[in-house]
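See structure below.
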Amino acid sequence: MMRKLGLLIILLALIGGAGFWFLTAPSHVDPARLAAVAPGDPQRGMSVFWQGGCAACHAAPGAKGDARLVLAGGLNLVTPFGTFVTPNISPSKQGIGDWSFDDLANAMLEGVSPGGRHYYPAFPYTSYARMQVQDIADLHAFLKTLPPSDNVAGPHKLGFPFNIRRGLGLWKRLYLSPEPVLTIADASDAIKRGQYLVEGPGHCGECHTPRNAIGGMDKTQWLAGATAAEGKGVVPNITGGEGGIDSWSQKDIAYALESGFTPEFDSLGSSMADVVLNTAHLESADRDAIAAYLKAVPAHPNGYPAPAK
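Residue numbering for the sequence shown follows my numbering, starting at 1479 and increasing by one per position.
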């Protein structure tokens, strides 16, 4: 009897392990989808680069001016799950110089490395998954034109169970989707463009939306503000709800994204100052589109506890 029980336990463990391995397997973009795009255009890719804010995380900490185009990595993102270190994504051996367009597309749309490993969602592929494949082809072409760096970014510093990458396959089943966050009736072309930029390459929801205990975004409070990922301070509500930006006009929002100044002539600070370094490079029509979308987002009260008075 004990021998049969032991064999049953082993069998169940094998079945459970096989099920876990199957459910957590990395996914890849359909090769036919990638083959259908035109060759990347680096000039268009430069616009995608600023839309995605790549320099904010991948330039060396404190880099200014043209130095922000050297994507050496090394920024430490300290979170409740551990410390994530941004990688070198310059066109070098230490970076992504050997990456093909397919490699970049799988990283951005599926969160999978060229070696077939899951990326941690500190890399905001949950937003990039909504991007057009042609934009990624153009971005790939632009990245190849940037200065190389031989910097080797350090490893992430994560404890158990977060250091088990394979488990991210289950997390992705819950939170990785290419579907738009919002359905907006009778949306204008400007709102549609703004939705693409905010929900996709701009990945605004990654910081401005509250998260649950396992790091998934609570999309019922989309853009309602959140406790900062580092655990200190807050990221503001950018909807029209209480504590948000209802008093801001569309023109106010677009101007803030260009200049870094609020309607009260205060400066946008903290990590938002880095965001403006990117959005200031956008075409004015794209900043206007982002503003139009934000004014169309359903209003939510603050998604984080109000500060003590």
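The C-beta atom is built at its ideal place from N, Cα and C for all residues, glycine as well.
Do the segment 1686-1698 and the segment 1753-1766 touch if we need at least three Cβ pairs shorter than 8 Å? no
Span of the alpha helix (DSSP H) around N1584: Taken as a continuous stretch (DSSP letters only), the alpha helix (DSSP H) holding N1584 covers 1579-1588.
Give the straight-line distance between the Cα atoms of T1661 and P1688, rounded to the nearest whole angstrom. Looking at the backbone, the Cα of T1661 and that of P1688 are separated by about 20 Å.
Identify the continuous alpha helix (DSSP H) that holds V1447 and give its terminal residues. Outside the displayed range of the chain (1479 to 1787) lies residue 1447, so it cannot be described from this structure.
Between which two residues does the beta strand (DSSP E) carrying G1540 extend? Where G1540 is concerned, there is no enclosing beta strand (DSSP E), given that its DSSP letter is neither H nor E.
Okay, do the segment 1599-1617 and the segment 1522-1531 touch, 3+ Cβ pairs below 8 Å being the bar? The segment 1599-1617 makes contact with the segment 1522-1531, as at least three CB pairs between them are under 8 Å.
Quick one: residues in its chain with C-beta nearer than 7 Å to the C-beta of Y1771, no 5 flanking neighbours on either side, listed in chain order? I1669, G1672, Q1673, V1676
How do the segment 1629-1643 and the segment 1733-1746 stand: do at least 3 beta-carbon pairs fall below 8 Å, yes or no? Between the segment 1629-1643 and the segment 1733-1746, the count of C-beta pairs closer than 8 Å stays below three; the two stretches do not touch.
Exposed or buried, R1511, counting other C-beta atoms within 10 Å across all chains shown (16 or more means buried)? exposed
Length of the line joining the Cα atoms of P1504 and P1592: 11 Å
Bridge partner(s) assigned by DSSP for H1596: V1590
Hey, how far is the Cα of P1509 from the Cα of F1579? 11 Å
Going by the DSSP bridge assignment, what does T1557 pair with across the sheet? Note: T1557 sits in a beta bridge opposite G1560.
Determine the DSSP secondary structure at R1608, reduced to helix, strand or coil. Note: R1608 maps to coil in three-state DSSP.
Using the rule of at least 16 other Cβ atoms within 10 Å of the residue's Cβ for burial, across every protein chain shown, is P1517 buried or exposed? exposed
Simplified DSSP state of K1635, which is helix, strand or coil: strand
What three-state label does DSSP hand F1620 in the structure shown? helix
Less than 7 Å between the beta carbons of S1666 and S1627, yes or no? no
Inter-residue CB distance, H1789 and P1602 (contact presumed, cutoff 8 Å): Examination of residue 1789 is not possible in this model, given that the chain is present from 1479 through 1787 alone.
Backbone secondary structure at A1704 - three-state DSSP: Strand, per DSSP.
Once you ignore the five residues that flank L1582 on each side, which residues in its own chain have a CB closer than 8 Å to its CB? I1574, I1614, L1617, H1618, L1621
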